[in-house]
Amino acid sequence: MELAPHAIALLISGSAIAGFIDAIVGGGGLIMIPLLLIAAPGLHEATALGTNKLTSIGGTTSAAISMLRRVKVDRRLLTIAAPLACLCSAGGALLATLISSDVMRPVVIVLLVCVGVYVTLRPGFGTEIERATTVTKAKWLGAIAVIGTIGLYDGFFGPGTGTFLIIVLTALLSRSFIQSSAMTKVINSSTNLGAFVVFAVSGHVWWALGFALIIGNIVGAQFGARMVMTRGAGFVRLMLLVVVIAMSIKLTYDLVAA
Numbered sequence: 020m021e022l023a024p025h026a027i028a029l030l031i032s033g034s035a036i037a038g039f040i041d042a043i044v045g046g047g048g049l050i051m052i053p054l055l056l057i058a059a060p061g062l063h064e065a066t067a068l069g070t071n072k073l074t075s076i077g078g079t080t081s082a083a084i085s086m087l088r089r090v091k092v093d094r095r096l097l098t099i100a101a102p103l104a105c106l107c108s109a110g111g112a113l114l115a116t117l118i119s120s121d122v123m124r125p126v127v128i129v130l131l132v133c134v135g136v137y138v139t140l141r142p143g144f145g146t147e148i149e150r151a152t153t154v155t156k157a158k159w160l161g162a163i164a165v166i167g168t169i170g171l172y173d174g175f176f177g178p179g180t181g182t183f184l185i186i187v188l189t190a191l192l193s194r195s196f197i198q199s200s201a202m203t204k205v206i207n208s209s210t211n212l213g214a215f216v217v218f219a220v221s222g223h224v225w226w227a228l229g230f231a232l233i234i235g236n237i238v239g240a241q242f243g244a245r246m247v248m249t250r251g252a253g254f255v256r257l258m259l260l261v262v263v264i265a266m267s268i269k270l271t272y273d274l275v276a277a
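Residues in the sequence shown are numbered from 20 upward in steps of one, following the numbering used here.
Structural data, given as C-alpha cells:
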C-alpha cells in the first residue's frame, strides 16, 4: 500500500501531536489510530493498532528518558511494575484476538467520568502540597497489582491507559502529577512494547510508515515532556481533564454509532 506525500505529511504531523499529548497525560492513540484509518482506508484495524504501538514506543521512551533525568521516582517500583505491565499488555493483546474489545467501551466511559469528577472535586490532588511522607506496603503492593491490570487493559483495548496510570500512582503512592507522569512514561513504554510484540508476530505492523512516524512522535513527546517540567502539576491536571472529556465524548460517540 502506498500513500500520497500529503497523507504522509498529515500522519507525521498527527504523530507529533499524539506524542505531545502522550508525554503529558496519554490519549494520543485517539488521534493516531483514526488518522491512520482515514489516510489508508484499506488498512486493517489491527495493523493500525500495531503501527501506532510502534510509533508510541519511540515517543513515550524518549519522554521517559527526558523526565527521569529531572524527576525523582520510585525506581524499585518501576523495576517490578514495568516488566509486569509489559507481560500483561502482551496477554491483553492476545485476549483481544479472542474477545471483542467493544465490551470495554461502556466500562471505560464510566471510569473516565469518575476520574474527571474526582479530579475536579479535589483541586489539590496531584500537587506537592498533598504529598504524603510515607506509603504503606499495602498501597505499594496494591499499586503494582493495579498497574498489571492496566497493562492487561492497554493490550486489550487501550484508551485512557496513561490517564489511569497517573491517577493510580498519584492516589496510591501519594505522588505529585509530575512524578506520576514521569513514572507513567516508563510503564506505558513497557505496555506499548508488550502489545507491539504480539502485533508484530501476527504481521500487523506497517514497518516503513511506523518508523517514519516515530520521528514526529519523538519531537512531540520531547516538547510535551518539557511542558510538564516547566508548567508544573497544574498544567498536567488541566490537560488530564481535557483529555478525559475528549476521550469520554469520542468513546460515547463510537458506542452510539456502533
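Where a beta carbon is used, it is the ideal one built from N, C-alpha and C, also for glycine.
Query                                                                                                                                                        : Result
What does the Cβ neighbour count give for C133, buried or exposed, with the cut at 16 atoms within 10 Å?                                                     : exposed
For A58, which option in E21, I76, R245 has the closest C-alpha, if you only look at C-alpha atoms?                                                          : E21
Measure the CB-CB distance between I197 and S81 and report whether it falls below 8 Å.                                                                       : no
Touching or not, the region 93-112 and the region 166-177, by the rule of three or more beta carbon pairs under 8 Å?                                         : yes
Report the start-end ranges of each alpha helix (DSSP H) in the region 191-263 that is 4 residues or longer and not cut off at the edges.                    : 196-220, 226-250
Taking the straight line between their C-alpha atoms, what separation do you get for A276 and T155?                                                          : 45 Å
With 16 other CB atoms within 10 Å as the buried threshold, where does S195 fall?                                                                            : buried
I need the straight-line Cα distance from L274 to T182, nearest angstrom please.                                                                             : 20 Å
Just tell me which of L191, R141, L184 has its CA closest to the CA of G161.                                                                                 : L191
Could you please give the first and the last residue of the uninterrupted alpha helix (DSSP H) stretch that includes S81?                                    : 64-87
Going along the chain, which unbroken runs of the alpha helix (DSSP H) with 4 or more residues stay wholly within the region 38-64?                          : 48-58
Of all the options A227, L29, K72, which has the alpha carbon lying nearest to the alpha carbon of V216?                                                     : K72
Which residue comes first and which comes last in the alpha helix (DSSP H) that contains D173?                                                               : 156-175
Compute the Euclidean distance between the alpha carbons of F218 and S85, then round it to the nearest angstrom.                                             : 27 Å
Use the C-beta contact count for R256: other C-beta atoms within 10 angstroms, 16 or more gives buried, fewer gives exposed.                                 : buried
With DSSP as the reference, label D93 as helix, strand or coil.                                                                                              : coil
For I40, which residues of its own chain have a beta-carbon under 6 Å away from its beta-carbon, when the five flanking residues on both sides are left out? : G46, G47
For the candidate residues G77, S120, L140, D121, whose alpha-carbon lies nearest to that of L212?                                                           : G77
Look up T116 in the DSSP assignment and say whether it is helix, strand or coil.                                                                             : coil
Taking the beta carbon of F175 as the centre, do at least 16 other beta carbons fall within 10 Å, making it buried, or is it exposed?                        : buried
On a Cα-Cα basis, can you pick out the residue from V220, V224, I186, S199 that is closest to Y137?                                                          : I186
Cutting at 7 Å between CB atoms, please list the residues of its own chain near Y272, excluding the five before and the five after it.                       : none
To the nearest whole angstrom, what separates the beta carbons of I31 and I234, a pair I think is in contact under 8 Å?                                      : 7 Å
Determine the extent of the alpha helix (DSSP H) in which L140 is found, giving its start and end residues.                                                  : 124-140
Apart from the five residues on each side of it in sequence, which residues of its chain come closer than 6 Å, Cβ to Cβ, to A240?                            : G38, A42, G78, S81, A82
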